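Student:
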Amino acid sequence: MDLIFQQVDVFSAEPFRGNPLAVIVGADALSDTQMAEIANWTNLSETTFLLKPTHPDADYHVRIFTPHAELPFAGHPTLGSAHVWSSLGHPTKSDVIMQQCGAGLVPVRKSKGRLAFAAPPRRRTGPVAQDDLILALKALRLTHDDILDAQWADNGPGWMVIRLPGREQVLSIQPDWHALKGQSIGVVGACHFELDRTKVQFEVRAFVGEGQGWEDPVTGSLNAGIAQWLIEGGIAPAHYIASQGTALRRSGRIFVDKIDSDIWIGGDVITRIAGTIAV
Numbered sequence: 023m024d025l026i027f028q029q030v031d032v033f034s035a036e037p038f039r040g041n042p043l044a045v046i047v048g049a050d051a052l053s054d055t056q057m058a059e060i061a062n063w064t065n066l067s068e069t070t071f072l073l074k075p076t077h078p079d080a081d082y083h084v085r086i087f088t089p090h091a092e093l094p095f096a097g098h099p100t101l102g103s104a105h106v107w108s109s110l111g112h113p114t115k116s117d118v119i120m121q122q123c124g125a126g127l128v129p130v131r132k133s134k135g136r137l138a139f140a141a142p143p144r145r146r147t148g149p150v151a152q153d154d155l156i157l158a159l160k161a162l163r164l165t166h167d168d169i170l171d172a173q174w175a176d177n178g179p180g181w182m183v184i185r186l187p188g189r190e191q192v193l194s195i196q197p198d199w200h201a202l203k204g205q206s207i208g209v210v211g212a213c214h215f216e217l218d219r220t221k222v223q224f225e226v227r228a229f230v231g232e233g234q235g236w237e238d239p240v241t242g243s244l245n246a247g248i249a250q251w252l253i254e255g256g257i258a259p260a261h262y263i264a265s266q267g268t269a270l271r272r273s274g275r276i277f278v279d280k281i282d283s284d285i286w287i288g289g290d291v292i293t294r295i296a297g298t299i300a301v
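Take 23 as the starting number for the sequence shown in our numbering and just add one per residue.
Okay, here's the thing in structure tokens:
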């Protein structure tokens with residue numbers, strides 16, 4: 023069985039500087055085991071499988087797999103999947119692309135030549151308990167005095183977010199991967215133009231204690247949760263740009279826009295590989 027396969031670069035307009043995603047189209051006949059095996063084989067942070075929707079308002083149904091597990095929602099797979107689905111010429115049922123996933127329906131719209139998804143509701147919010155925070159700080163080799171705040175911003179992958187004073191502190195983190203096991207931690211710090219010489223407002227990093235542990239280059243779900251927290255708390259403006267992937271020599275750019283009651287997380291998506299996969 024040959025299926026449409028694309029590998030796309032998400033959240034960067036610079037070649038090979040974003041977060042890669044493998045997308046397999048028309049995967050309805052694949053079993054859960056086959057999807058998991060393929061995602062483990064591609065060895066990317068996520069691989070998505072596009073299926074026929076089961077919800078009447080959805081344009082397609084996506085299943086999202088890491089090399090080790092399935093996720094109900096993730097951000098760069100949402101933009102990458104919508105890009106592939108749209109590039110194949112499918113008509114939409116409304117003025118947005120409506121994605122069905124484990125977290126429900128997620129609208130995706132085109133804006134200023136980019137795609138953007140509406141941040142889904144968070145499953146867990148609020149301050150981080152001291153026991154959980156102690157574990158996170160140990161994993162990041164930080165102390166309580168190093169941080170400004172910590173909040174849950176979990177919209178599916180389980181994100182805890184720690185806010186640091188600035189970009190320099192974010193980029194200097196050297197995690198203890200063994201201590202990170204079982205945790206998903208995002209870190210954010212404000213950028214200062216005079217010091218950082220950057221036009222972005224925030225620097226973000228994402229650390230995942232899955233398998234041997236790894237840092238995600240650019241993370242839509244994390245940035246969605248961060249934006250909801252920072253904008254609601256008056257820490258960030260309604261429109262800003264975040265940078266992620268700097269420590270990995272990537273150039274991720276996340277465009278955040280609060281429009282009415284929705285927060286939209288946008289970025290560039292470019293197809294790098296197009297062909298078929300033999301299953």
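Idealized CB from N, CA, C, for every residue including glycine. In this text the structure is predicted, and so the values were computed from the model without any measurement.
Whose C-beta lies closer than 6 angstroms to the C-beta of N62 among residues of the same chain, with five residues either side of it excluded?
Tutor: P89
Student: Do the CB positions of F139 and T100 come within less than 8 angstroms of each other?
Tutor: yes
Student: Which of helix, strand or coil does DSSP assign to P99?
Tutor: helix
Student: Can you tell me where the beta strand (DSSP E) with K280 in it begins and where it stops?
Tutor: In the DSSP assignment, K280 falls within the beta strand (DSSP E) that extends over G274 to I281.
Student: Between the Cα of N41 and the Cα atoms of R85, S103, I169 and T55, which residue gives the shortest distance?
Tutor: S103
Student: To the nearest angstrom, how far is the alpha carbon of R136 from that of S283?
Tutor: 20 angstroms
Student: Just confirm the distance between the C-beta atoms of R96 and S243, as a whole number of angstroms; I'd bet it's less than 8 angstroms.
Tutor: The amino acid at residue 96 is misidentified as Arg; the sequence shows Ala. At roughly 5 angstroms, the Cβ-Cβ gap stays under 8 angstroms, so A96 and S243 are in contact.
Student: Apart from the five residues on each side of it in sequence, which residues of its chain come closer than 6 angstroms, Cβ to Cβ, to A44?
Tutor: Q29, T64, L66 and T69
Student: Going straight from the alpha carbon of K134 to that of G111, what length do you get?
Tutor: 20 angstroms
Student: Is it true that the segment 143-151 meets the segment 229-237, where meeting means three or more beta-carbon pairs spaced less than 8 angstroms apart?
Tutor: no
Student: Can you find at least 3 beta carbon pairs, one from the segment 247-258 and one from the segment 275-293, that sit closer than 8 angstroms?
Tutor: yes
Student: Over the uninterrupted alpha helix (DSSP H) stretch that includes D153, give me the two end residues.
Tutor: Q152 to L162
Student: Under three-state DSSP, which class holds W181?
Tutor: coil
Student: Check whether the segment 268-280 and the segment 200-215 are in contact - that is, three or more C-beta pairs closer than 8 angstroms.
Tutor: no
Student: Compute the Euclidean distance between the alpha carbons of V106 and Q56, then round it to the nearest angstrom.
Tutor: 21 angstroms
Student: Among the residues of its own chain, which have a CB less than 7 angstroms from the CB of E36, if the five just before and after it don't count?
Tutor: S273
Student: Just verifying my parser: in three-state terms, what is the DSSP assignment at N245?
Tutor: helix
Student: Whole angstroms is fine: what's the gap from V210's alpha carbon to P129's?
Tutor: Straight-line Cα distance between these residues: approximately 26 angstroms.
Student: Taking D31 as the reference, which of R39, L25 and D24 has the closest Cα?
Tutor: R39
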